[in-house]
Amino acid sequence: DKFLVQSAVVTEGTAVKDITGEMFKKESGNVVDEVRLKVVYVQPPRPPSPVREGSEEGSSPRPSWSDGANINYQDMQATRESDEPPLSSAHKEPSEITTETSPLISRLTEERNSAIQQNNKLREEL
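Mapping the sequence shown onto full-length UniProt numbering, position 28 (from 1) lands on 28, and the numbers just tick up by one.
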């Protein structure tokens, strides 16, 4: 499966409430960039053990993007995969994307696993 992500160029200072669907119509002469992101479904992790393990008990949670940290444009560019040819020379070549995505994928996988562990701990507490 894939998700279609669209971005539109707007004037500086545009408020979120001023963003409309009309801004994303190419027919109106707006600059709209479309990116298709591939989605990979993974098998859910095994249920947590009922006994807490010692290494998890005193550890502090790691920061993640879901904690409100900023996601920068370069990280998003490195992970994007498009079915369309690049719109400008500023886009990265596929070989560059592959070498940059490996560490990013590892970091995101680690963050996801950490979030799953935190979620499971919260469920246990409930």
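Quick reminder that beta carbons are idealized off the backbone N, C-alpha and C, glycines included.
In this structure the stretch 28 to 39 touches the stretch 4 to 15; the number of beta carbon pairs closer than 8 Å is three or more.
For S28, the CB contacts under 8 Å within the same chain, skipping 5 residues up- and downstream, are E22 in chain order. The straight-line gap separating the alpha-carbon atoms of T20 and R46 is approximately 42 Å.
The distance from the Cβ of D1 to that of V42 is about 13 Å, inconsistent with a contact at the 8 Å cut-off. In the DSSP assignment, K38 falls within the beta strand (DSSP E) that extends over 32 to 38. For A15, no beta strand (DSSP E) encloses it, and the DSSP letter there is neither H nor E.
If you look at F24, you'll find it isn't in any beta strand (DSSP E); DSSP assigns it neither H nor E.
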